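Data first, discussion second: the structure below is written as structure tokens.
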Amino acid sequence: MSEIRRVLVTGGAGFVGSHLCELMINHGISVICLDNFLTGNLDNIRTFRDFEGFDLVDHDVVEPYEFDVDAVLNLACPASPVHYQADPVRTLMTSVLGMHNALTLGSRLGVPVLQASTSEVYGDPSVHPQREEYWGNVNPDGPRACYDEGKRAAESLMFDFHRTRGTSIKVARIFNTYGPRMDPRDGRVVSNFIVQALQNEDITIYGSGEQTRSFCYVDDLCDGLFRLLLSGPDVTGPINLGNPVEFSVGALAELVIEMTGSRSNLALLPLPVDDPRQRRPDISRAAEQLGWRPSVSLRDGLEQTIAYFDAVLARRPIGGERPAALAWGPN
């Protein structure tokens with residue numbers, strides 16, 4: 033692969049996208065951050081948005097774009113149920129049309145395109161842990177399908193472009209990720225539990241709490257994405273990126289209560305439709321092809337994440353700065 037000096041990161045003002053932009057900058061790589069601020073936030077890029085070599089572009093990935101870059105990293109899509117179910121048609125179009133535009137640019141320039149896919153392509157898995165060869169158990173008609181099937185269709189586009197046009201592709205399947213810069217309103221289990229615990233509110237557990245997840249700290253994830261980007265042309269993926277250490281949702285709640293010193297109680301609510309009962313990645317392929325394995329323990333990662341949310345909750349309003357013309361929610 034030729035030297036990567038400048039990259040395009042779509043969704044670069046989002047939770048994972050902003051950390052990936054920062055990692056690129058720290059490696060001396062110039063970054064064009066493309067975001068429409070539907071779920072992205074200027075606060076996420078505040079510490080480095082004025083750096084030389086960082087450019088912020090307000091643009092929706094469903095519309096074509098042109099830039100001269102050495103790689104395209106596609107992270108643009110709402111990633112939590114609260115956000116992607118707010119406008120499911122837009123979510124699906126973001127995944128499919130956004131992927132097509134990224135691939136069109138990558139093909140024209142002859143540069144690699146990295147897709148931030150998701151463990152949601154496995155649905156409510158009947159195979160555990162999940163290996164990349166598993167085709168998944170997804171409900172195509174359910175309320176999560178706009179995200180699940182959108183990401184599956186995006187993967188199909190990736191491999192069709194690769195087979196028919198020779199496009200260089202990299203597909204990462206990202207499992208539950210947490211860390212600073214998560215949106216406190218995104219409805220994900222880690223952000224929900226920490227915000228509720230810090231405010232001594234009931235911690236809402238959907239289902240019995242026995243369902244399991246594997247939680248990967250954002251720095252570990254970005255290291256995996258960076259390694260995947262720099263890998264040889266024969267490494268196309270899909271490659272699972274996640275922490276293989278499995279925790280029950282109930283155990284996570286108890287740990288958050290302990291670490292925050294919260295007076296919160298547990299409140300059990302009905303499990304949402306199609307919510308996975310278990311989720312844990314087999315990361316053998318990532319270890320073999322990328323030399324990657326996560327190193328941050330859940331307790332250490334939660335310590336950093338709790339400190340972040342504690343600071344966020346000390347400010348009002350929650351959520352930080354957003355451009356006035358780009359209000360929260362579907363435009």
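Going by this note's numbering, the sequence shown opens with residue 33, and the numbers climb by one from there.
The C-beta atom is built at its ideal place from N, Cα and C for all residues, glycine as well.
In this text the structure is predicted, and so the values were computed from the model without any measurement.
### Message
What does the alpha-carbon distance come out to for the pair Y166 and Q243?
### Response
In a straight line, the C-alpha of Y166 is about 20 Å away from that of Q243.
### Query
Can you list, in chain order, the residues of its chain whose CB lies under 6 Å from that of L303, leaving out five sequence neighbours each side?
Y238, G239
### Task
Could you have a look at N106 and say whether DSSP puts it in helix, strand or coil?
strand
### Query
Looking at the structure shown, is Q228 part of a helix, part of a strand, or coil, going by DSSP?
helix
### Message
Assuming I315 and P276 are in contact, meaning their beta carbons sit under 8 Å apart, how far apart are those beta carbons, in whole angstroms?
### Response
That belief holds up - the Cβ atoms of I315 and P276 are roughly 5 Å apart, short of 8 Å.
#### Entry: Environment of L95 [buried if 16+ CB atoms lie within 10 Å]
Position check: residue 95 holds Glu in this sequence, whereas Leu was assumed. By the neighbour-count rule (16 or more Cβ atoms within 10 Å), E95 is not buried but exposed.
### Query
Between which two residues does the alpha helix (DSSP H) harbouring E290 extend?
281-292
### Task
Closer than 7 Å by C-beta to L253: which residues in its own chain qualify, once you throw out the five before and the five after it? Chain order, please.
V48, I206, T209, L273
### Query
Near V328, what residues of its chain come up, given a Cβ to Cβ distance below 6 Å and the 5 sequence neighbours on each side ignored?
Contacts found: Y249, D252.
### Task
Out of D180, D255, P144, S50, state which residue places its alpha-carbon closest to the alpha-carbon of G155.
D180
### Task
Determine, using beta-carbon pairs with one atom in the segment 136-154 and one in the segment 97-109, whether at least three such pairs fall under 8 Å.
In short, these stretches touch, since the Cβ pair count reaches three.
### Task
Hey, could you find the ends of the alpha helix (DSSP H) Q321 is sitting in?
Segment 316-322, the alpha helix (DSSP H) holding Q321.
### Query
Is it right to say V143 is buried, meaning 16 or more other beta carbons lie within 10 angstroms of its own, or is it exposed?
By the neighbour-count criterion, in which 16 or more other beta carbons inside 10 Å mark a residue as buried, V143 falls on the buried side.
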